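Written out below as structure tokens is the structure these notes cover.
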Amino acid sequence: MKLLTLNFVTCARKSCKTLPAAFPLHPRDAELEIVEMELNPKFLVNILPRVEWQALRTVCQELGLPTLPDIMPVQQDLLQPPSLPGRESESQEGEAEGEGGSEEEDALQKPSQTAQDLHRVLLETTIANGKLVCGACGHEYAVKEGIANFLLPSHMV
Amino acid sequence: MLPTPSTDHVSFDRVYEPAEDSFLFLDTLSCDRETTFLRQRFAQCSNGDHASPCILEIGTGSGVLLAFITAHSKKLFGRPDVLTLGADINSFACKATEETVRTACRESTPYLNPGHGIYLDTLNANLGDALHSGVVDVLVFNPPYVPTEDLPNPSDHESYNQFDHGTTTFEQDSHLLALSYAGGMEGMEVTNKLLDRLPELLNPQRGVAYILLCVQNKPQNIKQRVQNWGTSWRADTVGSSGKKGGWEKLQIIRIWRSADP
Ligand SMILES: C[S@@+](CC[C@H](N)C(=O)[O-])C[C@H]1O[C@@H](n2cnc3c(N)ncnc32)[C@H](O)[C@@H]1O
Ligand SMILES: [Zn+2]
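As structure tokens, this is what we get:
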């Protein structure tokens, strides 16, 4: 299970849905595995607005991963400024607005170190086995062979 | 026609084999009317919101639909950067889906098909229970819709759902397959539970759901029920198949909210 997936899930119990403590779920005894994926900095730019940054920081900290910055990086932090001479003409401002920029120009933009780190955390780091624990009710969801089991015993539904 | 993902590796003894309903879904999602609708709704930078849409398929089975959506995201949504998630109550279906999606993405040629979406995970979950409220932009559900006397016994599920011992029994396979088609009263018992939570699951602005129904589900009543949620809610039939004496055997309804009064 990818760490980015944790951004979209919460405790399956109805009574926990509105409780802030039920999000994010807390990994426990997690066996991590890196599954490599091609990095597309433009994708990252569009994924970040979906991410609950503080929740992600908490999860990374609990997993003993390198600390993420206090505040969410912005688009400019993800793309390396075109530094080679002759590429000066690329309009950085146009890019910063998230518009303009032909496909060709995009292809020239190299991911920054920040982008590489985020890509690794969000999309390449997976929980192969372990548990996800609800901070509100304490229920533990098992992750086995990469698949998280959110099914509740019938008496808890 | 976009290619249908291969599901050759899946054991259909305990996972639903793609059938007429699955193919109706593929055709409907990729028809001009729906791709136009989806592209408009999820166009990059509209209202300054360039965030990647999150697609959830409930009841992925073999994964044929989720694989199709992920592999052809650029064609369907006009942008490749969509995030796709699956959920199925059957753990064997979750495993099958992983492989079907991976294969379809690997085989989607970058040359013809510039970029597939980002497949996240398939959760072993009941309906959308594991999802955080409001995170789903597009929900897709080909449910167990056949009217049946009973639903498979939930207290058998935990043991029948185990994938870690090598072989399965006949009872186990029957239980898992029944989950894929048995819809209980009017075939609506499972779908009704999803509908109850749908307004909360969907993103309040962008959210849209596609759900397959059969005649016995009384599609007209379901659409009426959605419209009763409030004046902004819409429900329309956007795909159908198997015309029989004036009745469409299967149809897909689209449920969404419109900003227009
Ligand atoms: C008709 S099959 C559709 C499979 C696949 N999407 C397709 O179109 O070929 C229905 C699927 O829903 C799953 N399912 C049934 N009840 C469910 C529930 N309560 N929550 C999640 N999935 C469920 C079944 O295991 C099965 O895989
Ligand atoms: Zn909980």
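Taken in sequence, the protein lines are chains V and P. Counting from 972, one number per residue, gives the positions in the first sequence under our numbering. Counting from 7, one number per residue, gives the positions in the second sequence under our numbering. Idealized CB from N, CA, C, for every residue including glycine. This structure is a prediction, so every number in the text was calculated from the model and none was measured.
Closest Cα partner of residue i within the set the options
i	options	result
alanine 57(P)	Arg984(V), Lys1013(V), Gln1025(V)	Lys1013(V)
proline 150(P)	Glu192(P), Ser161(P), Phe74(P), Gln168(P)	Glu192(P)
aspartate 1041(V)	Trp1024(V), Gly1035(V), Leu1050(V)	Trp1024(V)
leucine 137(P)	Asn978(V), Leu1094(V), Thr1038(V), Ala1086(V)	Asn978(V)
serine 186(P)	Phe83(P), Arg45(P), Phe98(P)	Phe98(P)
serine 17(P)	Val88(P), Thr173(P), Ile217(P)	Thr173(P)
asparagine 1017(V)	Lys985(V), Lys973(V), Leu1093(V), Ala1001(V)	Leu1093(V)
valine 88(P)	Pro1124(V), Ala1113(V), Ala983(V), Asn1011(V)	Asn1011(V)
glutamate 40(P)	Ser28(P), Tyr216(P), Asp156(P), Glu63(P)	Tyr216(P)
leucine 182(P)	Gly84(P), Leu8(P), Met7(P), Val21(P)	Val21(P)
glutamine 1087(V)	Pro1124(V), Glu1007(V), Ala1113(V), Val1022(V)	Glu1007(V)
cysteine 220(P)	Glu155(P), Glu26(P), Asp19(P), Leu8(P)	Glu26(P)
proline 59(P)	Asn148(P), Ser180(P), Val141(P)	Val141(P)
leucine 30(P)	Leu201(P), Glu113(P), Ala77(P), Phe147(P)	Phe147(P)
lysine 973(V)	Glu1095(V), Val1030(V), Cys982(V), Pro998(V)	Glu1095(V)
arginine 212(P)	Asp242(P), Gly190(P), Asp55(P), Asn234(P)	Asp55(P)
tyrosine 125(P)	Thr90(P), Thr42(P), Asn209(P)	Thr90(P)
histidine 997(V)	Gln1047(V), Glu1009(V), Val1022(V), Gln1032(V)	Gln1032(V)
isoleucine 1005(V)	Pro1052(V), Lys1102(V), Leu1103(V), Thr1097(V)	Thr1097(V)
Three-state secondary structure assigned by DSSP to residue i
i	result
serine 165(P)	helix
glutamine 1051(V)	coil
leucine 8(P)	coil
proline 210(P)	coil
tyrosine 151(P)	coil
glycine 193(P)	helix
asparagine 1011(V)	coil
asparagine 978(V)	coil
asparagine 1120(V)	strand
cysteine 60(P)	strand
valine 107(P)	helix
glycine 248(P)	strand
asparagine 223(P)	helix
lysine 988(V)	coil
isoleucine 95(P)	coil
arginine 263(P)	strand
lysine 973(V)	strand
tryptophan 235(P)	coil
glutamate 23(P)	coil
methionine 1005(V)	The sequence as given places isoleucine at residue 1005(V); methionine does not occur at that position. DSSP places isoleucine 1005(V) in strand when its eight states are reduced to three.
threonine 66(P)	coil
lysine 255(P)	strand
aspartate 87(P)	coil
threonine 13(P)	coil
glycine 1065(V)	Its pLDDT being 43, under 50, glycine 1065(V) is placed unreliably in this model, and the value from its coordinates should be taken loosely. In this structure, glycine 1065(V) counts as helix in the three-state DSSP scheme.
glutamate 1023(V)	coil
CB contact flag (residue i, residue j, <8 angstroms)
i	j	result
threonine 66(P)	glycine 92(P)	yes
leucine 145(P)	leucine 207(P)	yes
leucine 1036(V)	proline 1082(V)	no
proline 160(P)	histidine 122(P)	no
alanine 1113(V)	glutamate 1002(V)	no
leucine 200(P)	leucine 133(P)	yes
histidine 1090(V)	leucine 1015(V)	yes
glutamine 222(P)	proline 158(P)	no
tryptophan 239(P)	arginine 263(P)	yes
threonine 1085(V)	proline 1044(V)	yes
isoleucine 259(P)	isoleucine 228(P)	yes
arginine 999(V)	glycine 1101(V)	yes
serine 68(P)	proline 24(P)	yes
aspartate 135(P)	alanine 1026(V)	no
tryptophan 235(P)	proline 205(P)	yes
threonine 76(P)	cysteine 100(P)	no
arginine 45(P)	phenylalanine 74(P)	no
Proximal chain P residues relative to residue i, where beta-carbon distance stays under 9 angstroms
i	result
methionine 972(V)	Leu126, Asp127, Leu129
isoleucine 1118(V)	Ser97, Cys100, Lys101, Glu104, Asp127, Thr128, Leu129, Asn130, Phe169
leucine 1027(V)	Result: empty, since nearest Cβ-Cβ is about 13 angstroms, beyond 9 angstroms.
serine 1125(V)	Pro160, Ser161, His163, Glu164
Proximal residues of chain V, C-beta to C-beta of residue i below 7 angstroms
i	result
valine 141(P)	Phe979
leucine 183(P)	In chain order: nothing, as chain V lies at least about 18 angstroms away.
Proximal residues of chain P, C-beta to C-beta of residue i below 8 angstroms
i	result
asparagine 1100(V)	Under the 8 angstroms cutoff, chain P gives no residues; its nearest Cβ is about 11 angstroms from asparagine 1100(V).
alanine 983(V)	Ala131, Asn132, Asp135, Ala136
leucine 1094(V)	Ile124
leucine 1122(V)	Ile95, Asn130, Ala131, Asn132, His163, Glu164, Asn167
Residue i: contacting residues in chain V (beta-carbon distance under 8 angstroms)
i	result
proline 158(P)	Ordered by position in chain V, no residue passes the 8 angstroms Cβ test against proline 158(P), which lies about 12 angstroms from the chain.
aspartate 87(P)	Asn1011, Lys1013, Phe1014, Asn1017, Ile1018
Where residue i meets chain A, residues with beta-carbon distance less than 9 angstroms
i	result
proline 1020(V)	Considering every chain present, this structure includes no chain A. Its protein chains are V and P.
Per-residue contacts from residue i into chain P (C-beta, under 7 angstroms)
i	result
lysine 988(V)	Ser139
leucine 975(V)	Leu126
Per the contact definition of three or more C-beta pairs closer than 8 angstroms, is the region 989-1005 of chain V in contact with the region 9-24 of chain P? Touching, no.
Given 8 angstroms, three or more beta-carbon pairs between the region 121-133 of chain P and the region 1116-1125 of chain V: Contact between the region 121-133 of chain P and the region 1116-1125 of chain V is present, with at least three C-beta pairs closer than 8 angstroms.
Which residues neighbour ligand 3 when neighbourhood means a C-beta less than 6 angstroms away from any of its non-hydrogen atoms? List them by chain order. Ligands displayed in this structure: ligand 1 and ligand 2; ligand 3 is not among them.
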